Each structure stands twice: as C-alpha cells, then as structure tokens.
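Numbering-wise, this note's numbering puts 274 at position 291 of the sequence shown, and it's gapless, one number per residue.
All C-beta atoms, glycine included, are put in the ideal place defined by N, C-alpha and C.
No experiment lies behind these values; they were computed from the predicted model shown.
Working notes for the structure below.
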Amino acid sequence: MERLIIKSDRIDTWLAKIIETVPRVLAPVKTNEKTEFKEIKNTDCVAYDTITTTSSVKSAAFPNTETLFAYEKQGLETKLYDVAEKNFLNTVIWRARPCDAVGFGPLTKIFNWDYKDKLYNERFSRLAVVSFACNKADKCCFCTSVGGGPGYTAGSDIMLTMINDSETLVEVLTDKGKKLTDLCKDCFIKADDSIDKEAALANVPVRFTREQIHEKLAKAFESPVWKAQSERCLGCGACAFVCPTCACFDIQEDAHGNHGRRVRCWDSCGFTLFTQHTSGYNPRPTQATRWRQRVMHKFSYMPDRLDIYGCTGCGRCSRACPVDMNIAEHLTNIANNE
C-alpha cells in the first residue's frame, strides 16, 4: 500500500483527468432530496456533503434489469445472441463509502458459489472503486458492528480520508488504484508516516458483534421475535433494493412473436410471490417468516455456506423503510435478549 497526500483543492483536477481517461465514471449526484450514483461528465455535479447515497452502487456490477441473451426463431432453429457483452465499460466508482466497497465481497461470493456468473464477473472486473472514508455518521450507521468501519479499506482500490480542510490522505491499495493516481502524478506528494487517519474518522459505536448474532440465530428459528419485529413490515422490498449485498433476482421472458429476450431483474425475499408455488402453496406464508429469512440469510446462512456475512452496516434499509424499521435496533434486540 502507498500513502499519499493530495491538497483538497486539487481533487477535482485529478477527477477531471479520470473522467477524461475512463469510459464511465459513476459518482453521487444530488437531485431534489435524493443522492444517487450517476454517470458524470464533469466535476461540478458531484455531491460531497451527504453521508451516503440513497441506493447502493451494486448496480454497477449487478444491474437492476439486464438482458441475459436475446433469441430469434428461424424455422425449426432458434438462434441465441449474447447482446449484453457488447456493453461492458471500464468504470470508476467515485466517492463510494467503505460500506459500498465492501459490499462487492458478498456479491462476488454469491455470484461465484455453485455457478460462475459471466455477466456479473465481467462487469465487476472492469470496476475501480475510489472510496471516501466517513468523517460523520448518523443513527442508522452500524458498520463497526458487522466487521467494518468508517475507514475500512476492503473492496476499495483507493481510499481517501480528509485529514483537515486542506489535505486529504490517499491510500493506494491495488494496481487499479495506482493506475488512477498515475493519471495526475503531480497532484500527489508522499504522506508523512505520522499522519493519524483514525483521528479523522467518524465515531460509530459497536452495538453488537456478528458472532453474537450468528450464535443467537442458531437457536431462534421458532422464536416469537420474528412476528414481533415484522408486524410493521409492508413487504415493499425497499430494503432489498437499496442494499449493497442483496442479490435476489427473477427471470422474465420478454417475447414478441418469433423473437425476444430473457431478462434478469431484481427481486426480494420479502415479497409474497418470491416463494409462491404454482400450486398456490407458499413455504413462507407470513411476513414474519419472510423477515426471518432476510435476517437469517445475512447473518447465519451466508457465513455458514459462503464464509462471509451479508450485511455491511450501511443503514440504507433503515433509512428507506417507510415504517421506520431499523435493522440495527432489531439485531441489538436479538443479541441481548434471544
């Protein structure tokens, strides 16, 4: 790892070089009350004043809707076309948060578990993630409770930490990151070893540990806590769609006569229809069983099967919930009482 310093008023100069060089740059852009990752063509529109974006940046590797292949029937034959492969672009994600960057770890495990997903892997291989450490947090943030932190570097190619109003620490973590700093070498100087990164980070208290939750969940499958916690849940799926690690999807056929396409689109295990059989039987018939599945999947099934937890502590699900369900509060309750 290389540690550099960039003057804060030179960050836009460096970003302009990246925009000029890389085919696609995604950054937080504020529109009305929402801040979302969007493609940018200049430095003026980047939102630096928000804690995080409304949605995660997982769509850069796992789009909310994508064509898996197209098909055309010609007589007795059916031809298949890999239309998606032509649209992959090298992409820089600018001003991700540590909880965004680390989210690609669970996604990559999921899409390479028993089958290697070609489309996900191709998109992910073309990503470079420039993260900004958090110098402030809100009541929904709980990254430190799930193994992360406001300056956590896993998943990032570069990590920027504002040390003071005029200087920003730049940690170059990978070869991809080195290529980006090389685009504007005169923007950087070597960082002094005495610079204290930790002193510049937000304070995010630890509310529980992943190990606590994992241990309690092993005995809580039939617990009444699921009904109690889910009574407010509308089953709207907002939590899944803003989450950096949720990977549930559905497959749809978009058919038009003798041609069409097969489409993958985001889904949610919180929806009634997610497990509805054609017979009418549903193994998860209540919102309580669906809420249990969401928590169990992230904190029990994934660590058991994939050796990774399915939550980064970003708090987006709590911010997006229309009935103010706060997953950190629910998990704290499980850790302390189950």
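The way I'd put it, the segment 289 to 306 does touch the segment 218 to 230; three or more beta-carbon pairs between them come closer than 8 Å.
Nearest neighbour of Trp249 by Cα position, chosen from Ala221, Pro268, Gly243, turns out to be Ala221. DSSP places Ile310 within a helical segment (H, G or I) once states are collapsed to three. The DSSP-derived three-state label of Arg244 is strand.
Under the three-state reduction of DSSP, Arg80 is assigned to coil, being neither helix nor strand. Ser251 is positioned such that its CB atom lies closer than 8 Å to that of Ala223.
Under the 10 Å beta carbon count, Ile(-11) is surrounded by 16 or more other beta carbons and is classified as buried.
Nearest Cα to Leu200 within the set Gln57, Thr37, Leu51, Gln276: Gln276. Around the beta-carbon of Gln235, fewer than 16 other beta-carbon atoms lie within 10 Å, marking it exposed.
Linking Thr14 to Leu(-2) through their CA atoms gives a straight-line distance of about 21 Å. C-alpha of Cys170 to C-alpha of Thr151: approximately 11 Å in a straight line. Assignment of Gln57 by DSSP, reduced to helix, strand and coil, places it in the strand class. In its chain, beyond the 5 residues on either side, Glu105, Arg106, Arg109 have a beta carbon closer than 7 Å to the beta carbon of Phe71.
Taking all protein chains in view, the Cβ of Ala84 is crowded by 16 or more other Cβ atoms within 10 Å, so the residue is classified as buried.
About 7 Å separates the Cβ atoms of Ile141 and Glu154, confirming a contact at the 8 Å cut-off.
The Cβ neighbour count for Met(-16), taken over all protein chains shown within 10 Å, is under 16; the residue is labelled exposed. One alpha carbon belongs to Ile310, the other to Phe282, and they sit about 12 Å apart. It is roughly 33 Å from the alpha-carbon of Cys28 to the alpha-carbon of Lys101. Judged by DSSP secondary structure, Ile(-6) falls within the alpha helix (DSSP H) whose first and last residues are -6 to 4. In this structure, Leu63 is the residue among Thr(-4), Lys41, Val40, Leu63 with its C-alpha nearest to the C-alpha of Leu51. Closest in alpha carbon position to Ala44, among Pro6, Tyr31, Thr74, Pro268, is Thr74. Under the DSSP assignment, Pro89 falls in the alpha helix (DSSP H) whose first and last residues are 87 to 93. The C-alpha of Ala182 lies about 39 Å from the C-alpha of Cys216. Closest by C-alpha distance to Val278, out of Asn241, Arg247, Arg193, is Arg193. Ranked by Cα distance from Thr315, the options Pro286, Phe125, Thr26 are led by Phe125.
With 16 or more neighbouring CB atoms inside 10 Å of its own CB, Pro89 falls in the buried class. Under DSSP, Ile(-12) shares a beta bridge with Leu152, Ile172.
For Phe224, the secondary structure class from DSSP, reduced to helix, strand or coil, is helix.
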